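Under this note's numbering, think of the first position of the sequence shown as 4, with each following residue one higher. Here is the structure we will look at.
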Amino acid sequence: MKKKVIYPGTFDPITNGHLDIIKRAADMFDEVIIAVAASPSKNTLFTLDERVKFVADVTHSLPNVTAKGFAGLMVDFAKQEQANVLIRGLRTTVDFEYEFGLTNMYRRLMPGLESVFLTPAEEYAFLSSTIVREVAIHGGDVTSFVPEVVAKALMAKAKI
Ligand code: ADP
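Printed below as a string of C-alpha cells:
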C-alpha cells in the first residue's frame, strides 16, 4: 500500500529547516502533502495563498511533494486527503513538550493517524519562522535561513 503522509504547519514562511524535514519525508514515503494551515488566530505575516505558493515553489523539484492550504481541523484535512501518517519536525525538547501534547489530542480525534517525528540537520535546530520574521522585519539578512524566493518576499515586506 502506498504511504501518503501529511506535514502540517503554518509555514509563515517556509524555512530551510522545514525544507530539510520535507526532503527527509519525501525520501521515506510515497507521497507527501504539505498542509499549510490558514491559522486565522496567528495573525500571519503572509496570506495563506502566499504561504502555499512559497511551499509549492521551493518543493517544485520534489515530484512526490504537493502543497495544499486548509482551514479547520488538521485531522479532518488528513481524512479528506486519505493520509494516515503525520509528520512533525522536532528541534529541541521545547518542541517535544508541545508536540507530545498535540499527538495525544490527534490520537483521540483520529485513532488511525500515526505520528512520525523527524529531526533536522543540527544547523537548523534553532531556526524558526518566528525568528526569521523578526530578523527580516528589522532589516537583517535572512538569506542563509530561507529559500531565495522567500528571502526576497521578506525583504519586500520589511520595506513597507
Ligand atoms: P506550527 O504553527 O504548526 O508550529 P510551523 O510552521 O511553525 O507550524 O511548524 C510546522 C512543523 O515544522 C512543526 O512540527 C515544527 O516543529 C517543525 N519545524 C519548524 N521549524 C523547524 C526546523 N527548523 N527544523 C525542524 N522542524 C521544524
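Even glycine gets a Cβ: it sits at the ideal position worked out from N, Cα and C. Every value quoted in this text rests on a predicted model; they were computed, and no experiment measured them.
| message | Following a CB-centred definition, is S131 positioned closer than 7 Å to any heavy atom of the ligand ADP? | response | Against the sequence shown, residue 131 aligns to sequence position 128. Yes; taking the cut-off as 7 Å, the Cβ of S131 has a heavy atom of the ligand ADP nearer than that.
| Is any heavy atom of the ligand ADP found at a distance shorter than 7 Å from the C-beta of Y109? | Taking the first residue of the sequence shown as position 1, residue 109 is located at position 106. Every heavy atom of the ligand ADP is 7 Å or more from the Cβ of Y109, so no.
| said: In chain order, what are the residue ranges of uninterrupted beta strand (DSSP E) at least 3 long that sit wholly in the segment 20-94? | reply: 34-40, 68-73 and 88-92
| field | C-alpha distance - V35 paired with R136, whole-angstrom precision | value | For the purposes of this step, residue 35 is taken as the residue at position 32 of the sequence shown. For the purposes of this step, residue 136 is taken as the residue at position 133 of the sequence shown. Near 26 Å, if we compare the C-alpha coordinates of R136 and V35.
| message | Which same chain residues end up closer than 6 Å to F80 when comparing Cβ atoms and leaving out the 5 residues on each side of it in sequence? | response | Stepping through the sequence shown from its first residue, residue 80 is reached at position 77. If we look at F80 and ignore the five residues flanking it on each side, its Cβ neighbours are A38 and F73.
| query | DSSP beta-bridge partners for S118? | reply | Position 115 of the sequence shown holds residue 118. Per DSSP, L89.
| query | Considering only the beta carbon of each residue, do F32 and V88 sit closer than 8 Å? | reply | Residue numbering aside, residue 32 sits at position 29 when the sequence shown is read from its first letter. Residue numbering aside, residue 88 sits at position 85 when the sequence shown is read from its first letter. Their beta carbons are under 8 Å apart, which means F32 touches V88 by this criterion.
| said: Between which two residues does the beta strand (DSSP E) holding G12 run? | reply: Along the sequence shown, read from residue 1 onward, the residue named residue 12 stands at position 9. Counting along the chain, the beta strand (DSSP E) containing G12 begins and ends at K7 to G12.
| request: Report all residues from its chain with a CB closer than 7 Å to the CB of F99; omit the five preceding and five following residues, and keep chain order. | output: Locating residue 99 in the sequence shown gives position 96, counting from the first residue. Within the same chain, F99 has close Cβ partners L93.
| request: Please state whether DSSP places I140 in a helix, a strand or coil. | output: Within the sequence shown, the letter at position 137 stands for residue 140. I140: helix per DSSP, three-state reduction.
| Going by the beta-carbon positions, is the gap between V153 and P16 smaller than 8 Å? | Your numbering for residue 153 matches position 150 in the sequence shown. Your numbering for residue 16 matches position 13 in the sequence shown. Yes, the Cβ-Cβ distance between V153 and P16 is below 8 Å.
| query | How would you label T62, buried or exposed, when you count the other beta carbons within 10 angstroms and need 16 or more for buried? | reply | Taking the sequence shown and counting its residues from 1, the one referred to as residue 62 is at position 59. When all chains shown are included, T62 counts as buried.
| field | Option nearest F148 by Cα separation, candidates A124, T18, K7 and K5 | value | As a position in the sequence shown, residue 148 is number 145, starting the count at 1. Of A124, T18, K7 and K5, the residue nearest in Cα terms is T18.
| field | Three-state class that DSSP yields for D98 in the structure shown | value | Counting from 1 along the sequence shown, the entry for residue 98 is found at position 95. Three-state DSSP puts D98 in a helix.
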